[in-house]
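Peer 1:
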Amino acid sequence: MTTMIHVNNLSKRFGKKRVLSDISSEVEPGEIIGLIGKNGAGKSTLINLMLGLTEPSDGTIKVFGQAPRTKATKAKIGVMFQDSFGLDRVRGNELIKLVRSYYSHPLAFSKIVELADLGANLTTMVTKMSGGQRRKLNFALAMAGDPELLFLDEPTAGMDANSRYDFWQQIHALSNSGKTIIVTSHYLEEIDDVASRIIFLKNQQVLYDGALMGLKKRFTHTLVEFDSSLPELKLTTLVQSGDLDSHNQNHYVFVTEDADAVVRELAPEMANLHNLRITQRSLDQIFREVVKEGD
Numbered sequence: 680m681t682t683m684i685h686v687n688n689l690s691k692r693f694g695k696k697r698v699l700s701d702i703s704s705e706v707e708p709g710e711i712i713g714l715i716g717k718n719g720a721g722k723s724t725l726i727n728l729m730l731g732l733t734e735p736s737d738g739t740i741k742v743f744g745q746a747p748r749t750k751a752t753k754a755k756i757g758v759m760f761q762d763s764f765g766l767d768r769v770r771g772n773e774l775i776k777l778v779r780s781y782y783s784h785p786l787a788f789s790k791i792v793e794l795a796d797l798g799a800n801l802t803t804m805v806t807k808m809s810g811g812q813r814r815k816l817n818f819a820l821a822m823a824g825d826p827e828l829l830f831l832d833e834p835t836a837g838m839d840a841n842s843r844y845d846f847w848q849q850i851h852a853l854s855n856s857g858k859t860i861i862v863t864s865h866y867l868e869e870i871d872d873v874a875s876r877i878i879f880l881k882n883q884q885v886l887y888d889g890a891l892m893g894l895k896k897r898f899t900h901t902l903v904e905f906d907s908s909l910p911e912l913k914l915t916t917l918v919q920s921g922d923l924d925s926h927n928q929n930h931y932v933f934v935t936e937d938a939d940a941v942v943r944e945l946a947p948e949m950a951n952l953h954n955l956r957i958t959q960r961s962l963d964q965i966f967r968e969v970v971k972e973g974d
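Using the working numbering, you'd call the opening residue of the sequence shown number 680 and step up by one each time.
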C-alpha cells in the first residue's frame, strides 16, 4: 500500500508565532480522516501545507511521494473550499466544463453531475443558487479532475438533511473505491458517523491520531440519561457514583465511570424515571470537553 501523505516533524511559524509544532503522521489510501480542533488549532495551516500553498518552517511533507507543489501532485488532488468560486456570472454547467478543461484526464461530465446531484440546478446562474446548491457545485468542481486525494472543508454547510445524507453516501462510495478524503467540519456528528480516523489538533500539536473508537476509549466516561420531574437536589443526593452533566427542563444527564452503580443508586426512584438510557460520549461531547481543558 502506497502512503498518500507523509508528514515528518513538521512545524510552521509565521514570524515569531508558532502555528504548528512537530507534527508527524501518515495517510493511507481509502481513509476518511476527520481533522478536528477549535479555531486557531492549526487545521487550516496543516491543510495549506498539504496543498503546497505554504512551506514548512521545519520538517518535511510529501504527497504521493513528492513535494505538494509539483504539477503531478496537484493533478491528483481535489479541494472543496468554503463557497469559493473564481467566477460567479456563469452557469453551473459552464463552470464545471471550464474546470474539467484544466485536467488531462478529467472525470466524465455526466459522472460529475451524478456525484454532485445538481439535477435541474445545472444550468442555474451561480449567483442565483442557494447555499446548498453552491456546496453541491463546489463538490462537482472538486471532483472534476477525478482526484485520488480529496479535501472537504465544511462540505455540507447549507444542505438540507436529505442532501447531507446523500452526500455522505457518495463519500463512502468514493472511499471504498480507494480515494482518500480529509474532512474538516463543525458538524461533528457527521464526522462521528463517517470518519475512519480522527486527527485532533490542540495547541498547535496532535492531541490524538487514530481510530474514533480509540479516542472514545480515552474518555471512558459513560452518560446515564433519563427524564424525571424529581428535583435536581434529590437526584444529585441519590447519585454518588457520577456527576450531573446537564439538567434541561426534565431531562437529566449524569457522567460516570460506573453506569451500573448509578442505576443501582437511582433504583429507589425508578418509578419516577422515564426514557432511561446509557450511552458513550459522542465526538461532539468529547470535543467540547477537551478543548476547554486548560483554557
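Glycine included, each C-beta is placed from N, C-alpha and C at the ideal position.
Every value quoted in this text rests on a predicted model; they were computed, and no experiment measured them.
Name the two residues that bound the continuous alpha helix (DSSP H) containing L794.
Peer 2: If you number the sequence shown from 1, residue 794 lands on position 115. From DSSP, the alpha helix (DSSP H) with L794 extends over F788 to A795.
Peer 1: Please state if the CB of N687 and the CB of T752 are separated by a distance shorter than 8 angstroms.
Peer 2: Mapped onto the sequence shown, residue 752 falls at position 73. Mapped onto the sequence shown, residue 687 falls at position 8. No. Outside cutoff.
Peer 1: I think M683 touches F743, with their Cβ atoms under 8 angstroms apart; what is that distance to the nearest whole Å?
Peer 2: Your numbering for residue 683 matches position 4 in the sequence shown. Your numbering for residue 743 matches position 64 in the sequence shown. About 7 angstroms separates the two Cβ atoms, so the contact holds.
Peer 1: For my contact list, N800 and G771 are in at a C-beta cut-off of 8 angstroms; report their separation, rounded to the angstrom.
Peer 2: Here residue 800 refers to the residue found at position 121 of the sequence shown. Here residue 771 refers to the residue found at position 92 of the sequence shown. That belief holds up - the Cβ atoms of N800 and G771 are roughly 6 angstroms apart, short of 8 angstroms.
Peer 1: According to DSSP, simplified to helix, strand and coil, what is R956?
Peer 2: Residue 956 sits at position 277 when you count from the first residue of the sequence shown. Looking at R956 - three-state DSSP - the assignment turns out to be strand.
Peer 1: Using beta-carbon positions only, say whether D701 and Q884 come within less than 8 angstroms of one another.
Peer 2: Sequence index remark: in the sequence shown, residue 701 carries index 22 (1-based). Sequence index remark: in the sequence shown, residue 884 carries index 205 (1-based). Yes, they are a contact pair.
Peer 1: Measure the alpha-carbon distance for W847 versus L831 and round it to whole angstroms.
Peer 2: Numbered from 1 along the sequence shown, position 168 holds the residue referred to as residue 847. Numbered from 1 along the sequence shown, position 152 holds the residue referred to as residue 831. Cα to Cα, W847 sits roughly 11 angstroms from L831.
Peer 1: Mapping the DSSP letters down to three states, classify F743 as helix, strand or coil.
Peer 2: As a first step, residue 743 is located in the sequence shown; it is residue number 64 there, counting from the start. DSSP places F743 in coil when its eight states are reduced to three.
Peer 1: Buried or exposed, going by whether 16 or more other CB atoms sit within 10 Å of the CB of L732?
Peer 2: Start at 1 with the first residue of the sequence shown, and residue 732 comes out as number 53. L732 is exposed by the Cβ-count criterion.
Peer 1: Below 8 angstroms on the Cβ atoms is my contact criterion, and I expect H805 with V769 to pass it. Report the Cβ-Cβ distance as a whole number of Å.
Peer 2: To locate residue 805, count along the sequence shown from 1; it is residue 126. To locate residue 769, count along the sequence shown from 1; it is residue 90. In the sequence under discussion, the amino acid at residue 805 is Val, which differs from the His named in the question. Confirmed, about 6 angstroms.
Peer 1: Note down the Cα distance separating K807 from R813, rounded to an integer number of angstroms.
Peer 2: Indexing the sequence shown from 1 puts residue 807 at position 128. Indexing the sequence shown from 1 puts residue 813 at position 134. Cα-Cα distance, rounded: 9 angstroms.
Peer 1: Can you list, in chain order, the residues of its chain with a C-beta nearer than 6 angstroms to that of V970? Leave out the 5 residues immediately preceding and following it.
Peer 2: Within the sequence shown, the letter at position 291 stands for residue 970. For V970, where only same-chain residues beyond five positions count, the Cβ hits under 6 angstroms are K717.
Peer 1: If you compare alpha carbons, which of S783, T749 and A890 is closest to M729?
Peer 2: Mapped onto the sequence shown, residue 729 falls at position 50. The shortest C-alpha separation from M729 is found at T749.
Peer 1: Determine which residues share a DSSP beta bridge with I850 and list them.
Peer 2: Within the sequence shown, numbered from 1, the residue matching residue 850 stands at position 171. Partner(s): none; I850 has no beta bridge.
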